[in-house]
Structure formats: C-alpha cells, structure tokens
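Protein chains in written order, with our numbering: chain G, 1 to 188; chain X, 189 to 669.
The beta carbon of each residue, even a glycine, is placed where N, CA and C say it ideally should be.
Below is one structure, written out as structure tokens; comments come after it.
Okay, structure coming up:
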C-alpha cells in the first residue's frame, strides 16, 4: 500500500471552481416543487441577463448543496464570500425577499439519518464561524408549496426573481450591473 | 401510565420522518414506529412527457444519489425503446456509477457513520459534525477531501457535469471518452483505490473492534435480503438479475422486470410509505421483531449477502474475511457500515478495471431509438438499495405510467423493526435520556435512509423534539435539543 502521506499534496487546479473562486453563488432548491425552485431560477436569470465575471462561480446546485458545503468545510481552499439563494417559508408575504444570517440560526440538531437530511444551516454556520467565509443567505418567501410534484414558480415568486438577480449583481459584481440586453443595444 | 415518546426531525413539505415510541404501563417499549412521507405525485408529473425526458428529470429527485436515478431511468428507457446500448455505452454508464458510489460511500462512512464511530454515539451533536470530525482526525479528513474532489472531477470529465447528470441517454451514453481523458482518469483511480484500502484497514483496526458490542446488539433483526448479481452470481451494482434471499440463506433469482411477481406492497394506516415484502415466500407480511414475515432488506449489507463472490481480488478477500466472521447471510444491522467499505473497495477496483478496458474509449456509445408503445423496467443498485424505474409509453413514446421503488422503500419494514429492537433494548422502566435516543437514531442511520429526496432544510428549526404523551394523548411534557 502506498504511504498515505503521499496524498498530502493537492494540486489547486484539481479543485472545483466553487472552492477556488473568491465569490461563490449557489442557487438551491428543487425545481420539481413549485416555489422551491426559486434559487435555481435566479441563477438561470442571472446567467441569461448579466455577464458573470471570472472571479464568480455561479451554480444551480439544485438539491445537491450539502455535498458542496461538506467539501467547502473540508477543503484547504475556500471562497471569500458565499451567497446562498433559497426559498423558505418564514411566514412573510409571498415573493418577499430577505436576508438570513446563519449566525443567528441557533445551533440545532437536524435530521442526520443520512446525507439527505444533513443540517444545511449547521454547515453554513461552520463555514462562517470556523472557516471564516463570509456567508449570506438571500431567501424568498414562498407561496403555499405543493404537496405533489409540480414544476413552476407562483406569480409572486416569479416576480421576485429579477429583483433578487438585481440585488445579487449589485452586491457581488456591480460592474456587470447593466443587464445583457442593454449592453447588446449599446454595442451592436 | 403508558407514554408515547416522539423523536421528530424537522419537517419539510416533501419529506418528514418521526420516530414514535409507545411505552406501556410498566415503562417498557410496546411499539416503535418510523413514519415517513414519500415523494408524492411523481407519476402524475411524468405522465404525458416524452420518455426521453425522464433521465434528465430524475436526477432532480435526489441531490445525494442523482446518478442512481439517472442510470435506472436510462435503463428503463432502453427497455421501453427495445434497444441494447453498445458495450462502450454500458461501460461508461457503469464507470460513472462506480465513481459516484465511491464519492457517496466515502462521505457516508467518514462523516455520517464516522461521526458515530470516531466521536462516539454519545458525543454532543454540536461536535458530531463536519468540523468535529476534521478536528478529531485531520489527516484522514485531508485524504477524504482529495479523493472526493477527484471523484467529482472524474465525473465532470466523463459526463460533462457532476451535478444533475445528463450524459446517460436512451440507447447509451452521449459522450465518448477520449484516450487522453482516460489516461488522466486512470491516475485518479489509483488514488481512489489507495483511500479505499486505507479506509477498510483503518476501520477494521480502529473502529469496528471498539464498537463490536454495539454492532452485535443494536437494532439487530432477522430478515431476508434483495440485491443484484451477475449471471455468475458475482456482485454488480449497475446491472444483472435480482436475487431474493430468505433469512436462512436460500434464494431465488429473477429478471428485474418481473419484480411484481416476487414483491408486493403492504400499507399501514400510520405511514405514507408502503412496505414492500416478499410475497413469493407465501408467508404474508409481519414486522413482529421476534417473528417477522416477508421482510427483506436492501442496501450494502444485502448486496454483500446475496452475491456469491466479488470479481475483484481485494474486495473478494475482504468478503471472505467478513463471511468467516459473520457468516452468510449476516444479520447484524450495523454491519451495513462494514459492507459499505467492502463496496467502496470493489468500486475502486471496478473503476480501474473499466478504465483499463480497451472498449471504454470506443466512439460507438449509443444506438438510435424509435418511439413505440411499450413497458420498460430499469433497475440499478443505488447506494441505499435496489432502485426500480418502471415506465409505460404510448405509440408516440409519451409516458402513460410510471412506478418507482426506491431503496429506502424496500427498507421501510426493516427500519421500523430495527428501531423497535433498539428501543426495546435501551428503554426500560420508563427511563431514557438523550444518549439513548441518539443510539436509537444510530440504528436508522445504518440504513442511510432517503426520507424523500430533496431535503435541504435551511431555516434551522428545532429538530429533535420529544413529546411525552399519556395514554389519552395528553401532552405531559416536552424535551428538545
């Protein structure tokens, strides 16, 4: 068996973009469950309407966010800033956009029977407090979530997608603020 | 006075699970139930869609095992279209399956089960987490990170993307593997094999002996087993025939498209999730821990039990050692973790074997498909159990019916039985504490269940809440983390 110490050298180029790039934006949710697909829709919107700089990793991670967060917690290379886009039921008005500070979420034991139930909030807090990554969460209040598989956002949440995109771009890469359509009109 | 204890993880619309333990008047466990909500309405969602859309939609069901759903769906489409993918197409699919398995099993052992074993089942939940394991075993954590990165990178090279795979298509695989890419992946595969060898050696020396008493006692039940084997009886996680084994080890093999002849589903009023059982045994269904009927398990331990041998040398040697210790079939629930490591080793060896196969770089990776009215069944072994996708289409290839049986569904009855056994052995005379409840959860965790995919709860509400109700259902008190 090879000596296990030979694993210590890690080529940075082997690391995924969400570890190497200074800014990471993750759209989270299940597009098969109505407004739960908000985060993914915002990522799609930004990709379609703005120029995303090379320093930003913008990903629709769907329902796979835990695996990425695990990797970030363990990786020797991490972004400086991480933004999570997600839908949530917090009792507000449907379509309302607001920030959640992971530090304000009390440490809890969430389902950990399997990878399917790992506590995302705990992973985010670990990244923020132990790994010194600036973590922000932009949430959108959902309308009533379907009890059965049903793709598509409600009108209120759908209207919130461009607003969330505009906010995200303004916060994380303001030089790309003009939507792609305007840029094309100027240069073409 | 009789009491009901409830362990209630946080709910989410598409999935929640709770454990309800009913104590009798003497304060001993009467019954224990694990209530889950399964994914609902999926059949309706799929009806009317072109069947070739399903391999693209299915990975979105589950963010943890997307490849399993992706491949089972592609295989079901192959059957619907009546096509047999070329050898390279099948081998590329199997290669992706093996790599995805490695990533999954590494993560599960080190950071789910690992937290139980490396930090102890009574460790406070605030340190039974990723950073806790990292701090307890930093060198191991570094190796794990590197290999997981590599596995994700390998999947990107093979399939274009690691998240939400789309490369497996009806009729084969959309992207051939170039020789230069294969050479790159071959080096990565060697590193993965080293970690697999290290993992099982580490566990056999430092983990399993320490917890052997727990392994021998926690959640122990006696059931049959279901898994996939090749024609010659060898373990295979991508394709083969199904083998249904009785608790005593007798078995019957059948093609997976005949699963409805062997398996039926029982319904309980207190659970949304059905209880598949082996109707072929002719004994009906019962979850009585002392006298179960028709109950079988899937997942790692089942696959290790049903196969006659493993056709990769290192994993075969581990299987022989395992069987010498625990027999065949092995029944101890926590042996799922040991079996998971044997599978990790098999998948690492299988990855190398496939990459060394000259056919893997063939450019003939798919065949043409023509819509027709048909029924097709696709079956693979997902990490957490036998996964069946059953599709029916009309003459235009539009879906008219879908049936899915996921791994955890097969394990619904065994999970309930293991929890009952664990609760009965640990709670006496009405006495219990958080450590006891954590240990009950360990018996569930061994199955690595999927309580409805796609959970990613963010709002951090309290998860473990214990409501103590009297026999009339009146709330007497609440304990919570």
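Every unbroken alpha helix (DSSP H) inside the segment 433 to 468 of chain X [4 residues or more] | 447 to 450
Per DSSP, what kind of secondary structure is residue 580/X in: helix, strand or coil?
-> Locating residue 580/X in the second chain gives position 392, where the first residue counts as 1. Looking at residue 580/X - three-state DSSP - the assignment turns out to be strand.
Rounded C-alpha distance that separates residue 348/X from residue 362/X | As a working note, residue 348/X is residue 160 in the second chain. As a working note, residue 362/X is residue 174 in the second chain. If you take the alpha carbons of residue 348/X and residue 362/X, they lie about 10 Å apart.
Counting pairs of beta carbons, one from the segment 440 to 454 of chain X and one from the segment 559 to 568 of chain X, are three or more of them closer than 8 Å?
-> yes
Under 9 Å by beta carbon: chain X residues contacting residue 16/G = Taking the first chain and counting its residues from 1, one reaches residue 16/G at position 16. Under the 9 Å cutoff, chain X gives 337, 340, 341, 344, 350.
Sort 373/X, 353/X, 355/X, 327/X by Cα distance to residue 341/X and report the nearest one.
-> The residue labelled residue 341/X in the question sits at position 153 within the second chain. Per the Cα distances, 373/X.
Pick helix, strand or coil for residue 44/G, following the three-state DSSP scheme.
-> Within the first chain, the letter at position 44 stands for residue 44/G. Helix at residue 44/G.
Distance CB(residue 238/X)-CB(residue 247/X) smaller than 7 Å = Taking the second chain and counting its residues from 1, the one referred to as residue 238/X is at position 50. Taking the second chain and counting its residues from 1, the one referred to as residue 247/X is at position 59. Going by C-beta atoms, residue 238/X is not nearer than 7 Å to residue 247/X.
Would you give the residue range spanned by the alpha helix (DSSP H) that residue 591/X belongs to?
-> Sequence index remark: in the second chain, residue 591/X carries index 403 (1-based). Unbroken run through residue 591/X is the beta strand (DSSP E), 587 to 593; no alpha helix (DSSP H).
Given a limit of 7 Å on CB to CB distance, which residues of the segment 26 to 42 of chain G reach chain X?
-> 28, 30, 31, 32, 33
Look up residue 277/X in the DSSP assignment and say whether it is helix, strand or coil.
-> Mapped onto the second chain, residue 277/X falls at position 89. Helix, per DSSP.
How do the segment 38 to 49 of chain G and the segment 72 to 82 of chain G stand: do at least 3 beta-carbon pairs fall below 8 Å, yes or no?
-> no
Assign residue 330/X to one of two classes, buried (16 or more other C-beta atoms within 10 Å of its C-beta) or exposed (fewer than that).
-> Your numbering for residue 330/X matches position 142 in the second chain. By the 10 Å Cβ count, residue 330/X comes out buried.
Going straight from the alpha carbon of residue 245/X to that of residue 608/X, what length do you get?
-> Indexing the second chain from 1 puts residue 245/X at position 57. Indexing the second chain from 1 puts residue 608/X at position 420. C-alpha separation (whole angstroms): 36 Å.
Cβ neighbour criterion (16 or more within 10 Å) applied to residue 428/X | Reading the second chain from its first residue, position 240 is the one you call residue 428/X. Classification of residue 428/X: buried, given that the 10 Å Cβ count is 16 or more.
Taking 7 Å as the CB-CB cut-off, is residue 248/X touching chain G?
-> As a position in the second chain, residue 248/X is number 60, starting the count at 1. For residue 248/X, the answer is yes, since a Cβ of chain G falls inside 7 Å of its Cβ.
Just the chain X side, please: which residues come within less than 7 Å of residue 56/G by C-beta, in chain order?
-> As a first step, residue 56/G must be located in the first chain, where it is residue number 56. Those do not exist, as residue 56/G stays about 17 Å from chain X at its closest Cβ, beyond 7 Å.
Are the C-beta atoms of residue 62/G and some chain X residue less than 7 Å apart?
-> Translated into the one-based positions of the first chain, residue 62/G becomes position 62. Output row for residue 62/G: interface = yes.
Would you decide whether residue 50/G is buried or exposed? Buried here means 16 or more other CB atoms lie within 10 Å of its CB.
-> As a first step, residue 50/G is located in the first chain; it is residue number 50 there, counting from the start. With 16 or more Cβ atoms within 10 Å of its Cβ, residue 50/G is classed as buried.
Are the C-beta atoms of residue 396/X and some chain G residue less than 7 Å apart?
-> Translated into the one-based positions of the second chain, residue 396/X becomes position 208. With 7 Å as the cut-off, residue 396/X does not count as an interface residue toward chain G.
Residues near residue 335/X by beta carbon distance below 7 Å, same chain, minus five either side = By 1-based counting over the second chain, the position of residue 335/X is 147. The residues are 294, 379, 380, 383.
Is the segment 493 to 501 of chain X touching the segment 415 to 429 of chain X in the sense that three or more CB pairs, one from each, lie closer than 8 Å?
-> yes
Tell me residue 399/X's beta-bridge partners as DSSP assigns them.
-> Here residue 399/X refers to the residue found at position 211 when the second chain is read from its first residue. Looking at the DSSP assignment, residue 399/X forms no beta bridge with any residue, so it has no partner.
Just by C-beta distance, which residues in the segment 137 to 152 of chain G are closer than 8 Å to chain X?
-> 137, 139, 145, 146, 147, 148, 149, 150, 151
Using beta-carbon positions only, say whether residue 128/G and residue 135/G come within less than 7 Å of one another.
-> Within the first chain, the letter at position 128 stands for residue 128/G. Within the first chain, the letter at position 135 stands for residue 135/G. Yes, these two residues count as a Cβ contact at 7 Å.
Interface residues of chain G facing residue 368/X [CB-CB closer than 8 Å] = Along the second chain, read from residue 1 onward, the residue named residue 368/X stands at position 180. Here the premise fails: no neighbours, minimum Cβ distance about 16 Å.
Of the choices 385/X, 360/X, 274/X, whose alpha-carbon is the least far from that of residue 530/X?
-> Sequence index remark: in the second chain, residue 530/X carries index 342 (1-based). With distances taken between Cα atoms, residue 530/X lies closest to 385/X.
Whether residue 466/X touches residue 415/X by CB criterion (7 Å) | Stepping through the second chain from its first residue, residue 466/X is reached at position 278. Stepping through the second chain from its first residue, residue 415/X is reached at position 227. Taking 7 Å as the Cβ cut-off, residue 466/X and residue 415/X do not qualify as a contacting pair.
Have a look at residue 19/G and residue 524/X and give me their C-alpha separation to the nearest angstrom.
-> Here residue 19/G refers to the residue found at position 19 of the first chain. Here residue 524/X refers to the residue found at position 336 of the second chain. If I take the Cα positions, the gap works out to 32 Å.
Would you check if there are 3 or more beta carbon pairs closer than 8 Å linking the segment 535 to 552 of chain X to the segment 281 to 298 of chain X?
-> yes
Proximal residues of chain G, C-beta to C-beta of residue 329/X below 8 Å = Locating residue 329/X in the second chain gives position 141, counting from the first residue. Ordered by position in chain G, the residues that pass the 8 Å Cβ test against residue 329/X are 74.
Which residue comes first and which comes last in the alpha helix (DSSP H) that contains residue 170/G?
-> Reading the first chain from its first residue, position 170 is the one you call residue 170/G. 155 to 172 is the extent of the alpha helix (DSSP H) around residue 170/G.
Between residue 259/X and residue 426/X, which are expected to be in contact by the criterion C-beta below 8 Å, what is the C-beta distance as a whole number of angstroms?
-> The residue you call residue 259/X lines up with position 71 of the second chain. The residue you call residue 426/X lines up with position 238 of the second chain. Contact holds; Cβ gap of about 7 Å.
Comparing alpha-carbon positions, which option in 350/X, 508/X, 272/X lies nearest residue 61/G?
-> Working through the first chain from its first residue, we reach residue 61/G at position 61. Cα-wise, what sits closest to residue 61/G is 350/X.
Looking only at its own chain, which residues have a Cβ that is under 8 Å from the Cβ of residue 159/G, when we skip the five neighbours before and after it?
-> Residue mapping note: residue 159/G aligns to position 159 of the first chain, counting from 1. Counting only Cβ-Cβ distances below 8 Å, and skipping sequence neighbours, we find 95.
For residue 397/X, count neighbouring Cβ atoms within 10 angstroms of its own Cβ and tell me buried if that reaches 16, exposed if not.
-> Residue mapping note: residue 397/X aligns to position 209 of the second chain, counting from 1. Flag for residue 397/X reads exposed.
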